[in-house]
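The numbering of the sequence shown is my numbering, which starts it at 12 and goes up by one. Every residue, glycine too, gets a C-beta built ideally from N, C-alpha and C. Everything numeric in this text was worked out from a predicted model, so none of it was measured. Taking it in order: structure first as structure tokens, then the write-up.
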Amino acid sequence: MPQPQPMQPEQPPQPAPNAPASEEEMDIFSDQPANNQIPAAPQAPDSMQQTILTPKEQEELFKREKLSTIQKVILVIIALVVIAGLVGGGIWLYLTLVSNDTNEGAATEVNENVVPVEVDTTVKADADGDGLNVEEEIKYGSDPEKADTDGDGYTDGEEVKNGYNPAGEGKLKK
Numbered sequence: 012m013p014q015p016q017p018m019q020p021e022q023p024p025q026p027a028p029n030a031p032a033s034e035e036e037m038d039i040f041s042d043q044p045a046n047n048q049i050p051a052a053p054q055a056p057d058s059m060q061q062t063i064l065t066p067k068e069q070e071e072l073f074k075r076e077k078l079s080t081i082q083k084v085i086l087v088i089i090a091l092v093v094i095a096g097l098v099g100g101g102i103w104l105y106l107t108l109v110s111n112d113t114n115e116g117a118a119t120e121v122n123e124n125v126v127p128v129e130v131d132t133t134v135k136a137d138a139d140g141d142g143l144n145v146e147e148e149i150k151y152g153s154d155p156e157k158a159d160t161d162g163d164g165y166t167d168g169e170e171v172k173n174g175y176n177p178a179g180e181g182k183l184k185k
């Protein structure tokens with residue numbers, strides 16, 4: 012196996028020495044005929060000279076046709092549609108991006124000046140399931156614990172609904 016040789020520092024390449032240039036190499040215009048005249052400098056226009064347009068020329072230059080009424084109406088409608096689109100897009104963007112972010116984790120305000128609603132806690136339940144509550148059972152004289160107080164096969168609620176006495180024979184008094 013060959014032994015590694017120590018690395019020698021790199022030397023940057025040196026530019027080639029300048030060779031003296033001959034007259035032939037330097038003259039790139041040698042095939043042109045010799046002209047000893049110096050060209051004249053270009054003439055700038057007189058800065059004081061102004062062009063004045065006649066009124067007719069000015070009218071033709073800046074001539075513009077007037078818009079008709081229908082063109083004006085169409086232009087206003089287009090402007091309103093563009094403005095409405097921009098406003099609508101801004102509102103939609105606000106509602107979709109901003110309002111969803113602000114509701115997360117926000118504390119809700121509680122109105123402490125609210126009067127509590129009074130709840131009727133009296134029992135009006137139908138204990139026997141006959142369709143009459145306890146107050147109605149007492150009103151008609153039937154048993155709140157029995158669905159058919161008089162034992163005729165009809166529930167007390169059915170009898171009252173059809174105008175019969177749930178506690179016995181006969182019709183209800185009006």
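If you count every other CB in all the chains shown that lies within 10 Å of the CB of residue i, and 16 or more means buried, which is it?
| i | result |
| --- | --- |
| Val92 | exposed |
| Asp141 | buried |
| Glu68 | exposed |
| Pro177 | buried |
| Glu170 | buried |
| Glu148 | buried |
If residue i sits next to residue j, beta carbons under 8 Å apart, how far is it from one beta carbon to the other, in whole angstroms?
| i | j | result |
| --- | --- | --- |
| Pro127 | Ala138 | So it is not a contact: roughly 29 Å between Cβ atoms. |
Could you give the DSSP three-state label for residue i: helix, strand or coil?
| i | result |
| --- | --- |
| Tyr165 | coil |
| Lys182 | strand |
When the distance is taken between beta carbons, is residue j closer than 8 Å to residue i?
| i | j | result |
| --- | --- | --- |
| Ala136 | Val145 | yes |
| Asp167 | Gly179 | no |
| Tyr175 | Lys182 | yes |
| Leu78 | Leu72 | no |
With distance defined between alpha-carbon atoms, name the residue in the options nearest to residue i.
| i | options | result |
| --- | --- | --- |
| Leu143 | Asn122, Lys172, Glu120, Val125 | Lys172 |
| Ile81 | Ile89, Arg75, Lys74 | Ile89 |
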